[in-house]
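These notes are about the structure you will find just below.
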Amino acid sequence: MRDLLGTYEKSGLGGVALFVVVTTWLLHGILLQNLARDFLGERLQREADHAVTQLEQGEAAVPAALDSVSQGYQVFHHLYVLRFNGSVSASDPQWQQQLASLLDESGDALIDVNRGEQHMLVYRRHFEWQGTQGVLLVGEDFSQVEAGLATLHWWVGGIASALLGMLIILNMLAVNRGLKPLWQLRQQLEALRAGKRDRLSLIAPSELDELVDQLNWFMDDIDLRLKRSRESVANLSHALKTPLAAVTQVLRGNRPIDETRRHKLLSRIEDINAQLDAELRRSRIAGPNAGRMANVTRDSSRLIEMFRSLYPERIFNLAHSAGEKDQVPIEAHDFSEILGIVLDNAGKWANRCVNCDIAASATTLTL
C-alpha cells in the first residue's frame, strides 16, 4: 500500500512537472512571436517614415520615386501600396485589391493580414505632401518569419527537453549516491541483528555521523548491561551453589534431622532467599530504561514509591528543590542503582523514618 501511494505521489509530481514545462514552452512560443511582431512592426514604421521623407524631398513622379525606394523591399520580401492624388499604385498587384480596404481606415497602425497560408504584416502611414493627403502601406511577409520562429521554438523545446532529461538523470544519480550510506546502514543493521557484526562502521555524510555514533553507543550500552547481567547471574550462581549443595546433601542423607540441623537448614534457606530478594530488588531498582541523562525528580520519586511498598513500616521522605538542576549527565540505570542501594540500606537499618536529600549541580550530584 505504501509503495502504491508512493507511485501515485511520484506520478502526480511528474504530471505537475510536465504541465509546468509544457506551459513554459508554449508561453515561450507566444512571447517569441509577439517580440518578433513588435520588432518587425517598428522596422516597418521606420521604413514608412523613410519612404514618406523621400517622397517629400523628390521632384519626380510619386510612383517612380516610391519605386526607387521599393527596390529594396522586393529583395527583402516587402511590398507597398500607395494612394496619392486619387491614384493607387502597388509593388505587388496581387495584394493591391486585398489591401485596398486598409487605405480607407484612419490612423497609423500595424495590421495583420492573412490570405490563405500567407501572413502579411502591414503598417499604415498617413502623410501630406504638397497639400494633398496620402496613405502608404508598407508590408512584409510574416509567414517566413513565423516559419523560422517555429523552427527555433521546436529547437528550443528539444534542447530544453534534452537538458531537462540530463538534469533528471544527474539528479537521480546524485540522490542514489547520497542514499548509498543509508542502504549500507540498513545492510549493517541486518547483519547486526543476525549477529554477524557488533558495531556499525560506514563512511557516511556528516548528517549521519551523530546517528551512527548514537547507535554504536546504544549497542555498547546494551553490551555493558548484558555483561553486568552475566556477572550478576554468575555471582548469584556461585553464592547459591554451596548452600544448595549443603542442603541437598543433608536431605539426601540417611541421618535423621534433629532440631539443631533443622535450624541450620532453615538458616541456609533463609540466606538463599535473602540473596534472591537482594538480586531481584536490585534488578527492579535498575529498571528497563536507558539513556544518557537521568531525571532526578522522576527517577527518585519512582524509587521512593517502590521502597515505601517494600518497607511499609518505614517513612520515606524525599527533598529535592525544583529550582535546581533536574537533568544530570548520568545514565538512568546507574542513578537508580546508586540511589536504590542507599535507600535499601536505609530501609533495613532505619528505626522509623528515612530522609533523602538530593542536590544536583552542573558537576556534582549529592545524595
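Those letters in the sequence shown? Residues 1 to 367, per the UniProt record's numbering, in order. Cβ coordinates follow ideal geometry from the N, Cα and C atoms, glycine included.
Any idea which residues DSSP pairs residue i with across the strands?
i      : result
ALA359 : THR366
LEU136 : LEU82 and ARG125
VAL354 : PHE316
MET166 : None, per the DSSP bridge assignment.
MET120 : VAL113 and ASP141
Hey, out of the options, whose CA is closest to residue i's CA?
i      : options                           : result
THR24  : THR260, ALA147 and LEU164         : LEU164
TRP217 : SER206, SER237 and ASP198         : ASP198
PRO329 : LEU266, THR364, LEU149 and ALA346 : THR364
TRP154 : ALA319, ASN351 and LEU32          : LEU32
HIS320 : LYS348, SER361, MET293 and GLU337 : SER361
LEU236 : ILE222, ARG262 and ASP271         : ASP271
LEU44  : ASP112, GLY15, LEU27 and GLU105   : ASP112
TYR123 : GLY158, GLN275, SER229 and GLY41  : GLY41
ILE358 : SER336, ALA350 and TRP349         : SER336
ARG262 : ARG193, THR248 and ALA90          : THR248
ALA346 : ARG314, SER232 and GLN94          : ARG314
THR53  : HIS126, HIS28 and ALA36           : HIS126
THR132 : GLN97, GLY86 and ASP213           : GLY86
GLU305 : GLY340, LEU149, ASN114 and GLU279 : GLY340
ALA204 : LEU137, LEU266, ARG186 and MET219 : ARG186
SER143 : THR151, LEU152, GLY158 and GLU117 : GLU117
VAL212 : ILE222, ASP221, ASP220 and SER201 : SER201
LEU318 : LEU265, LEU343 and SER309         : LEU343
GLY178 : SER206, ASP258, PHE84 and GLY148  : SER206
ASP277 : ASP108, LYS348, LEU226 and ARG298 : LYS348
HIS119 : HIS28, LEU367, VAL145 and ARG193  : VAL145
SER91  : GLU190, ILE169 and LEU79          : LEU79
PRO243 : LEU224, GLN275, ARG308 and THR260 : GLN275
Would you identify the three-state DSSP class for residue i, choosing helix, strand or coil?
i           : result
SER309      : helix
ASP209      : helix
ILE330      : coil
residue 376 : Nothing about residue 376 can be read from this structure; the chain reaches only from 1 to 367.
VAL20       : helix
ASP271      : helix
ASN295      : strand
ASP220      : helix
ASP141      : strand
ILE257      : coil
ILE203      : coil
ARG197      : coil
GLY131      : coil
ALA65       : Legend: pLDDT at ALA65 = 43, less than 50; position of this residue unreliable, value from coordinates given subsequently. Three-state DSSP puts ALA65 in a helix.
If residue i and residue j are in contact, beta carbons under 8 Å, what's the gap, nearest whole angstrom?
i      : j      : result
LEU167 : VAL135 : Between VAL135 and LEU167 the Cβ distance is about 54 Å, and since that is not below 8 Å, they are no contact.
ASP326 : VAL296 : 6 Å
PRO181 : LEU215 : Going by Cβ atoms, the distance from PRO181 to LEU215 rounds to 13 Å, so no, they are not a contact pair.
LEU110 : GLY139 : Going by Cβ atoms, the distance from LEU110 to GLY139 rounds to 10 Å, so no, they are not a contact pair.
GLU279 : SER229 : Actually they do not touch by this definition, with Cβ atoms about 11 Å apart.
TRP129 : LEU82  : With 8 Å as the limit, TRP129 and LEU82 do not qualify as a contact, their Cβ atoms being about 11 Å apart.
HIS28  : VAL175 : At roughly 29 Å, the Cβ-Cβ gap does not stay under 8 Å, so HIS28 and VAL175 are not in contact.
ALA51  : LEU149 : 27 Å between Cβ atoms; not a contact.
ALA350 : ASP299 : Between ASP299 and ALA350 the Cβ distance is about 21 Å, and since that is not below 8 Å, they are no contact.
Counting only runs of 3+ residues fully inside the region 76–118, write out the beta strand (DSSP E) ranges in chain order.
Runs of the beta strand (DSSP E) inside the region 76–118: 78–84, 87–90 and 109–115.
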